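Undergrad:
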Amino acid sequence: MVTSILHRATGVILSIGALLIAWGLTALAAGPDAWASFIACARSPLGFLILFGWTWAFAYHLLNGIRHLVQDAGFGFKVQTFIRNSWVSIVGSLVLTALIWIVAMMSRGGA
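Just so we're aligned: 9 in numbering that gives the first Met the number 0 is position 10 of the sequence shown, and the numbers increase by one with no gaps anywhere.
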């Protein structure tokens, strides 16, 4: 039940995040001043929190979507398997989010 609600919520978060991507692309096209303003917002503590949360929403929605595809194929309906796979989606999304940010920070020299 909780994973279903989280899946829907992360879908909404990803849709809202698409507006942030559009803002970034618009700022990039608008020139250096607009891009600098966007980068300043993205690198602020609030911007970092939003980007980190959006990354987690992406990771969770991806992994839970795979879980749903497996269930659509007719697997994973035993109660224990269902619970285990739900936890795999949650914990896996946290691990995937951490890995994405570690790689991003290492490749860019930090925020």
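Just so it is clear, CB atoms sit at the ideal spot from N, CA and C, and this is done for glycine as well. Bear in mind the structure is a predicted one, so any value in this text is a computation, not a measurement.
In chain order, what residues of the same chain have a beta carbon less than 8 Å from the beta carbon of residue 99, not counting five sequence neighbours either side?
TA: Hits under 8 Å: 54 and 58.
Undergrad: Going by the beta-carbon positions, is the gap between residue 56 and residue 13 smaller than 8 Å?
TA: Result yes, Cβ atoms of residue 56 and residue 13 sit closer than 8 Å.
Undergrad: Can you tell me whether residue 48 is buried or exposed, with buried defined as 16 or more other CB within 10 angstroms of its CB?
TA: Residue 48 should be labelled exposed.
Undergrad: With DSSP run on the structure shown, which of helix, strand or coil describes residue 72?
TA: If DSSP states are grouped into helix, strand and coil, residue 72 belongs with coil.
Undergrad: Taking Cβ to Cβ, would you say residue 62 is nearer than 8 Å to residue 92?
TA: Taking 8 Å as the Cβ cut-off, residue 62 and residue 92 qualify as a contacting pair.
Undergrad: Identify which residue in 95, 104 and 81 has its Cα closest to the Cα of residue 1.
TA: Per the Cα distances, 81.
Undergrad: Kindly examine the ligand SAM and report whether one of its heavy atoms sits closer than 7 Å to the Cβ of residue 68.
TA: Among the components modelled here there is no ligand, and therefore nothing to report on the ligand SAM.
Undergrad: Please work out which residues of its chain come closer than 8 Å, Cβ to Cβ, to residue 40, disregarding the five sequence neighbours upstream and downstream, and give them in chain order.
TA: Cβ neighbours of residue 40 beyond the five flanking positions: 46.
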